[in-house]
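A.B. asks:
Residue numbers (the working numbering), protein chains in the order written: chain A, 1 to 205; chain B, 1 to 466.
(1) Closer than 9 Å by beta-carbon distance: list the chain B residues that pair up with residue 2 of chain A, in chain order.
(2) Among the candidates B/312, B/351 and B/228, whose CA atom is the shortest distance from the CA of residue 164 of chain B?
(3) Just reading off the beta strand (DSSP E) that residue 95 of chain A is part of, what are its end residues?
(4) Identify every residue that forms a DSSP beta bridge with residue 102 of chain A.
(5) Closest by CA to residue 283 of chain B, which one among B/146, B/460, B/19 and B/174?
(6) Would a check of beta-carbon distances place residue 162 of chain B closer than 8 Å to chain A?
(7) Can you give me the Cβ contacts of residue 91 of chain A inside the same chain, cut-off strictly under 7 Å, excluding the 5 residues immediately before and after it?
(8) Compare the C-beta of residue 121 of chain B against all C-beta atoms of chain A and say whether one is closer than 8 Å.
(9) Are there 16 or more other CB atoms within 10 angstroms of the CB of residue 37 of chain B, so buried, or fewer, so exposed?
(10) DSSP puts residue 341 of chain B in a beta bridge; with which residues?
(11) Could you check what DSSP says for residue 401 of chain B in three-state terms: helix, strand or coil?
(12) For residue 348 of chain B, return the contacting residues in chain A, with the cut-off set at a CB-CB distance below 7 Å.
(13) Under 6 Å Cβ to Cβ from residue 32 of chain B, same chain only, skipping five residues before and after it: list those, please.
(14) What are the start and end residues of each continuous alpha helix (DSSP H) run of 4 or more residues lying completely inside the region 244-297 of chain B, in chain order?
(15) Under 8 Å: do the region 444-457 of chain B and the region 346-366 of chain B share three or more Cβ pairs, one atom per stretch?
(16) Determine the direct distance from the alpha carbon of residue 156 of chain A to that of residue 127 of chain B, and round the result to whole angstroms.
(17) Assuming residue 326 of chain B and residue 76 of chain B form a contact by the criterion Cβ under 8 Å, report the distance between their Cβ atoms to the nearest whole angstrom.
(18) Can you look up residue 175 of chain A in the DSSP assignment and give me helix, strand or coil?
(19) With distances taken from CA atoms, which of B/437, B/14, B/420 and B/376 is nearest residue 193 of chain A?
(20) Using a Cβ-Cβ cutoff of less than 6 Å, which residues in the same chain neighbour residue 125 of chain A once the five nearest sequence positions on both sides are dropped?
(21) Would you report the Cα separation of residue 408 of chain B and residue 214 of chain B, rounded to the nearest angstrom?
(22) With a threshold of 8 Å between beta-carbons, can residue 430 of chain B be considered close to chain A, or not?
(23) Taking CB distances under 8 Å as the criterion, tell me whether residue 183 of chain B reaches chain A.
(24) Measure the C-alpha to C-alpha separation of residue 246 of chain B and residue 116 of chain B and round it to an integer number of angstroms.
(25) Are the region 50-68 of chain A and the region 107-127 of chain A touching by the rule of at least three beta carbon pairs closer than 8 Å?
(26) So which residues of chain B does residue 102 of chain A contact, with C-beta pairs closer than 9 Å?
(27) Rounding to the nearest angstrom, what Cα-Cα distance links residue 320 of chain B and residue 217 of chain B in this structure?
(28) Would you decide whether residue 267 of chain B is buried or exposed? Buried here means 16 or more other CB atoms lie within 10 Å of its CB.
(29) Can you find the residues in the same chain that come closer than 6 Å, C-beta to C-beta, to residue 176 of chain A, ignoring five residues on each side of it along the sequence?
(30) Under 8 Å between C-beta atoms, does residue 108 of chain A make it to chain B?
(31) Going along chain B, which residues have a C-beta under 7 Å from residue 189 of chain A?
(32) By the three-class DSSP mapping on this structure, what secondary structure does residue 18 of chain B have?
(33) Going by beta carbon distance, what residues of the same chain come within less than 7 Å of residue 63 of chain B, once the five residues before and after it are set aside?
(34) Please state if the CB of residue 154 of chain B and the CB of residue 259 of chain B are separated by a distance shorter than 8 Å.
(35) Who are the near neighbours of residue 92 of chain B in its chain, counting only those whose CB is closer than 8 Å to its CB and skipping five residues on each side?
(36) Terminal residues of the continuous beta strand (DSSP E) containing residue 160 of chain A?
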């Protein structure tokens with residue numbers, strides 16, 4: 001996973017509450033047992049004129065030239081609710097998104113973002129609204145900068161917003177770490193299990 | 001020191017603190033299905049990692065499989081076959097227990113696991129499926145994860161978990177006759193919103209919960225993910241132990257005795273402190289139905305669609321929801337004509353759900369023009385229903401009677417309801433195009449689905465004489 005330091009990019013404002021993972025990628029777009037080949041299905045229900053089709057819906061912002069290269073998603077509260085499908089994060093990442101800005105995240109989606117190099121930027125609703133307002137007025141110019149070291153999102157006019165991110169997620173994103181490698185290198189799991197098997201034999205099959 | 005139920009299980013599984021608020025937690029059980037589990041197994045194998053404890057991993061086919069009689073690996077869903085065959089190959093190669101097509105134990109993962117005694121009180125259980133919270137009904141810490149996290153659990157028997165806050169949702173008093181756990185779940189969502197449980201493990205407690213059987217508890221816990229909760233949990237009691245005793249993978253003999261001694265300690269201590277508490281008056285709950293495109297947009301069946309100001313959501317989202325659903329502010333839902341009726345899903349497809357629906361359907365027939373479908377939650381449920389003659393009641397009433405699976409709870413490019421068709425459904429999600437492109441889904445209890453199918457209109461099941 002590519003380490004994340006700092007990103008200045010076009011933002012896609014979709015500030016609606018409860019953007020579920022069916023919206024981010026409909027089930028019908030999950031066509032193979034694979035983590036790739038999903039970018040075309042991103043937001044398919046909103047992005048194309050017909051189910052299963054690829055005719056762009058001109059009303060959907062991502063299809064408009066100013067937003068085509070968006071790498072930061074601005075969303076409403078409870079983003080990523082619904083199905084646990086990691087395909088939502090895979091599709092976003094494959095398209096090029098590296099940050100999602102929202103007032104709240106579904107917990108599974110939050111983790112899926114972190115595991116795939118997408119920074120979850122938690123900001124209050126009024127901040128997300130203000131950023132979206134600026135972006136809508138001038139998408140090319142009002143490109144937010146997400147700085148992971150500073151844990152901040154800054155607009156070109158200097159308006160800055162600090163966000164919180166737990167240390168574990170920060171570490172994974174900042175250094176592009178693979179959590180499985182880190183955990184497999186640990187030496188405390190085997191002794192813990194050995195002791196637990198004596199304590200809770202019934203839990204082991 | 002006084003501890004909550006969650007804290008007791010967390011403590012038992014806490015391997016190590018990693019960073020502020022994040023811990024390495026032991027995982028006792030991993031469940032997989034062909035939709036999101038196959039990709040995890042494939043990816044694990046591709047990176048040269050092995051499943052660390054294959055005996056504690058279970059795989060079932062539920063999401064992609066057809067539910068027609070005589071089904072096989074071919075699916076109505078385009079490219080569905082690959083999900084089935086590749087998951088099967090990966091599961092067998094890793095030496096995992098597989099509930100394959102044709103296996104009498106096959107079914108929806110959250111129905112199968114309790115049936116087989118895989119979930120137990122006090123265990124940690126994960127599955128790359130958001131409705132894993134269903135299994136918290138057994139006093140397990142069971143939660144949904146992504147596929148990459150599933151790989152982590154498979155390879156290391158642990159997960160890196162941000163410790164959730166605890167919320168006690170106490171249901172005081174008793175649900176009225178004809179009011180179900182599903183209605184209660186929708187009531188809580190309508191009252192406290194789709195993000196009401198964010199960041200929390202929700203412990204359901206109180207008189208109404210104690211009075212519920214295990215299947216009703218599963219229905220209640222099932223929709224905790226719609227509440228954006230980390231998961232849900234209910235303290236185990238004699239009903240839990242009775243349910244699990246003798247199940248295939250449940251402990252036996254001295255192990256059972258040791259387990260029981262441990263399980264009896266699994267409840268929040270009297271003076272334990274939850275980070276937040278919600279009190280719900282069970283008497284205020286009536287049969288519910290959703291009117292919008294998120295489960296929080298629900299109301300009593302006899303109610304009227306709230307206006308924008310009272311809807312609790314932003315103006316654009318409100319307008320989009322009512323336009324999609326073909327409704328107007330202040331519209332009544334009761335007596336609205338319907339096109340479809342669906343009983344199934346991990347929310348409401350167990351034997352008690354089918355029995356209650358059948359009690360309304362017996363000797364009656366669904367209204368002309370209504371397509372009605374019943375999909376038992378597992379092959380075990382289906383066999384049990386058939387032994388009781390429930391299939392005959394459903395069929396005589398005009399319902400299609402299917403093989404078990406997730407079926408039309410979601411549209412994956414195969415079978416679906418039609419555009420703008422109005423469907424009353426016992427499932428858990430009413431998102432746009434969830435059950436078919438443009439399909440309008442109204443979430444409700446199995447009783448309400450049955451009553452509405454009979455009437456051809458959205459109907460209050462309490463008005464259908466038994």
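All residues carry an ideal CB built from backbone N, CA and C; glycine is no exception.
C.D. replies: In brief:
(1) Correct list: empty, because the minimum Cβ distance to chain B is about 15 Å.
(2) B/228
(3) Looking at the DSSP string, residue 95 of chain A is not in any beta strand (DSSP E); the run it does join, the alpha helix (DSSP H), is 87-95.
(4) A/122
(5) B/174
(6) yes
(7) 24, 25, 38, 39, 41 and 42
(8) no
(9) buried
(10) B/372 and B/424
(11) strand
(12) Under the 7 Å cutoff, chain A gives no residues; its nearest Cβ is about 18 Å from residue 348 of chain B.
(13) 59
(14) 253-263
(15) yes
(16) 43 Å
(17) Incorrect: roughly 27 Å between the Cβ atoms, too far for contact.
(18) helix
(19) B/14
(20) 103
(21) 25 Å
(22) no
(23) no
(24) 9 Å
(25) no
(26) Residues of chain B passing the Cβ test: none, with the nearest at roughly 11 Å.
(27) 33 Å
(28) buried
(29) 1, 2 and 3
(30) yes
(31) 15, 156, 157 and 158
(32) strand
(33) 33, 34, 35 and 406
(34) no
(35) 98
(36) 160-162
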